[in-house]
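This report refers to the structure that appears directly beneath it.
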Amino acid sequence: MKGIISYGAYIPYNRLQRKKIGEFFGKSTYSGEKAVAGYDEDSVSMGVEAALDCLHGTDSKEIDAVYFATTSAPYKEKGSISTIAAALHLKENVRGIEAASSLRSGTSAILAANELEQTLVIASDCRTGAPTGQNEQWFGDGAASFLIGHGPEVIANVIDAVSVQGELVSEWRSQTDSFTQNWEERLGSTVFLKQVKEVVTPFLEKNNCTADAINKVIISGPGTRAHTQAASAVGFQKNQIQDPLFDSVGAAGNAHAPMMLVSALEEAKPGDQLLVVAFAEGLDVMLLEVTEAISRLAKRKGVQGYLMVKNDQTSYSDYLKWRNLLETEPPRRPETERPSAPALYRGYHQNLSFTGSKCRNCGTPQFPKQRICTQCQVKDEMDDYRFVGQSAKVMTYTLDHLAASPAPPMIVAVVDFDKGGRIICEVTDCHPKEIEIGMNVEMTFRRLYEAGGISNYFWKARPIRQKESV
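Taken in order, the sequence shown gives residues 10 to 479; the numbers are from the working numbering.
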């Protein structure tokens with residue numbers, strides 16, 4: 010039987026308090042805050058981070074297929090699977106499928122995964138709402154990932170699932186639209202409630218299950234109240250409804266229901282039954298049963314881990330600049346040149362997977378790859394060596410106030426890895442007053458810049474935090 014073997018999630022470090030939007034425009038807003046992708050993040054980088062969390066302790070070479078679901082891909086015409094596969098160090102012949110456009114593509118990808126293969130599903134979204142609009146307050150950024158397969162390590166079996174299609178123009182973004190558009194909210198809520206009533210109750214009856222037997226129901230629907238109305242309509246109580254993360258993350262597009270599922274699995278016990286209901290031009294409904302294997306799964310950062318670590322002092326002006334919604338004076342520097350496609354191709358394996366070399370003679374790791382060992386000078390005695398997942402420390406750093414950075418000053422550090430090796434790189438998700446020599450850091454996959462329509466990805470260092478930080 011197909012099931013979930015592992016899960017992971019990613020929530021950006023930066024959070025924007027909704028009241029700051031209201032203060033800027035002089036209007037009332039929703040309560041809470043929303044997760045905001047930094048200037049060096051997008052759906053691909055967030056998806057990679059969620060997948061790294063999911064694959065913790067797993068051999069990435071055992072993955073047979075990877076599905077990437079997003080409505081906010083960096084390209085309208087160019088895939089992202091090859092970038093993701095390289096960053097995660099997947100095997101070259103891994104099968105890749107990209108699911109786009111629908112806000113249900115995350116759950117649909119889970120349903121489409123083949124139980125006979127080890128399938129990695131990644132759902133990630135980074136949507137932008139038009140300033141002053143409801144979507145600006147409503148949308149949040151995040152990603153979730155699941156390893157789907159079968160066997161004794163499955164932590165949650167998919168007992169049954171159903172998909173129902175229903176054409177509805179309620180929320181859309183055309184090829185030429187800069188922002189998501191919405192019809193009057195009552196239309197989407199009314200259709201959603203109708204479909205839930207028509208589908209969920211018969212689905213539970215088919216599986217000899219009642220509403221009171223479900224431990225948590227994960228409902229992703231339109232608006233702020235639709236999920237509670239739908240749950241109540243089919244007999245669920247408030248204590249059964251999974252936290253929709255509206256006050257802490259926002260509506261994360263096609264990653265919303267998967268992130269809620271991750272949050273439910275973090276608290277689930279063997280024998281628990283979970284019901285997932287995801288809406289967008291129809292419904293995806295899944296019934297899952299948690300197994301004993303969940304007690305053996307190593308702890309992930311997951312939703313709860315990332316919720317605890319945040320910068321909730323992000324300014325609205327920074328958010329506007331990062332989203333290119335506020336035109337500012339360009340840096341007094343030559344324009345950034347478009348990345349060279351041949352150079353990107355030559356460095357594909359090294360830079361995206363962060364793979365250097367390790368000397369067979371003296372064991373010294375080094376990046377970038379070398380032919381001659383920097384330590385013992387032996388020639389052509391190197392093996393590939395991957396630095397991702399290794400702990401490291403800041404040996405020295407500089408604050409560059411003159412660099413053309415969207416978030417000055419740029420923090421550049423010399424980072425030494427605990428198992429050997431040194432690199433000079435940017436430090437992200439870090440306040441200038443926070444950086445210090447000896448700080449523990451980890452590597453995170455980021456978009457260095459975009460120029461000429463081409464996104465250039467690499468790895469940066471970020472502080473390892475154990476509790477909430479500013």
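Cβ coordinates follow ideal geometry from the N, Cα and C atoms, glycine included.
Keep in mind that this is a model prediction, so the values were computed, not measured.
- request: Express the C-alpha separation of Q475 and A273 in angstroms, rounding to a whole number.
  value: Q475 has its alpha-carbon roughly 22 angstroms from the corresponding atom of A273.
- prompt: Can you tell me whether L335 is buried or exposed, with buried defined as 16 or more other CB within 10 angstroms of its CB?
  reply: For L335, the number of other beta carbons within 10 angstroms of its own is below 16, and it is reported as exposed.
- request: Go ahead and pull the three-state DSSP assignment for S478.
  value: Confidence in S478 is poor, its pLDDT being 38 and thus under 50, which makes the residue's placement unreliable; the coordinate value appears in the next sentence. Assigned with DSSP and collapsed to three states, S478 falls in coil, not helix or strand.
Buried versus exposed, by CB contacts within 10 Å (16 or more), A78: Under this definition A78 is a buried residue.
Per-residue burial, Q490 [other beta carbons within 10 Å of its own, 16 or more giving buried]: Look at the range of the chain in this structure, 10 to 479, and you will see that residue 490 is not part of it.
- request: State the DSSP-derived secondary structure class of R195, mapped to helix, strand or coil.
  value: Helix.
- prompt: In terms of residues, what are the limits of the beta strand (DSSP E) holding E298?
  reply: Counting along the chain, the beta strand (DSSP E) containing E298 begins and ends at 291 to 299.
- prompt: What residues in its chain sit with their C-beta under 7 angstroms from that of E477, if we drop five residues either side in the sequence?
  reply: Note on E477: pLDDT 40, under 50, position unreliable in the model; the coordinate value appears next. Cβ neighbours of E477 within its own chain (closer than 7 angstroms, five residues either side excluded): M317, V318, K319.
- prompt: If you count every other CB in all the chains shown that lies within 10 Å of the CB of D392, and 16 or more means buried, which is it?
  reply: D392 comes out exposed.
- request: Give a yes or no on whether the C-beta atoms belonging to N11 and A165 are separated by under 8 angstroms.
  value: One point to set straight first is that residue 11 is Lys, not Asn, in the sequence displayed. At a Cβ-Cβ threshold of 8 angstroms, K11 and A165 do not count as neighbours.
- request: Would you list, in sequence order, the uninterrupted beta strand (DSSP E) runs of no fewer than 3 residues that lie entirely inside the stretch 259 to 340?
  value: List check, beta strand (DSSP E) in window: 282 to 288, 291 to 299.
Cut-off 6 angstroms between Cβ atoms - residues of its own chain near A412, not counting five sequence neighbours on either side: For A412, the CB contacts under 6 angstroms within the same chain, skipping 5 residues up- and downstream, are M419 in chain order.
message: What does the Cβ neighbour count give for K225, buried or exposed, with the cut at 16 atoms within 10 Å?
response: By the neighbour-count criterion, in which a residue is buried when 16 or more other Cβ atoms sit within 10 angstroms of its Cβ, K225 is buried.
task: Output yes or no for whether 8 angstroms exceeds the beta carbon distance between V299 and A277.
output: A contact, by the Cβ cut-off of 8 angstroms.
- prompt: Identify the residues that DSSP records as bridge partners of C368: which are they?
  reply: Its beta-bridge partners are M391.
Residue nearest to S110 in terms of C-alpha spacing, selected from K310, R136, V424: Ranking the options by Cα distance to S110, first place goes to R136.
- request: Go through its chain and collect everything with a Cβ distance to Y19's Cβ below 6 angstroms, but skip five positions before and after it.
  value: Around Y19: M55, E58, A59, A152.
Pick from A139, L202, G230, I168 that is closest to V489, judged by C-alpha positions: Because the chain here runs from 10 to 479, residue 489 falls outside it and cannot be looked at.
field: Beta-carbon proximity list for I473, same chain, < 7 angstroms, skipping 5 on both sides
entry: Answer for I473: N449, V450, E451, listed in chain order.
query: Is it a yes or a no for the stretch 320 to 330 touching the stretch 34 to 49, going by three-plus beta-carbon pairs under 8 angstroms?
result: Cβ pair count under 8 angstroms is three or more, so yes.
query: beta strand (DSSP E) containing Q399: first to last residue?
result: Unbroken run through Q399: none, as it is neither H nor E.
query: How about the stretch 205 to 216 and the stretch 238 to 252: do they share at least three Cβ pairs that are nearer than 8 angstroms?
result: Segments in contact, yes.
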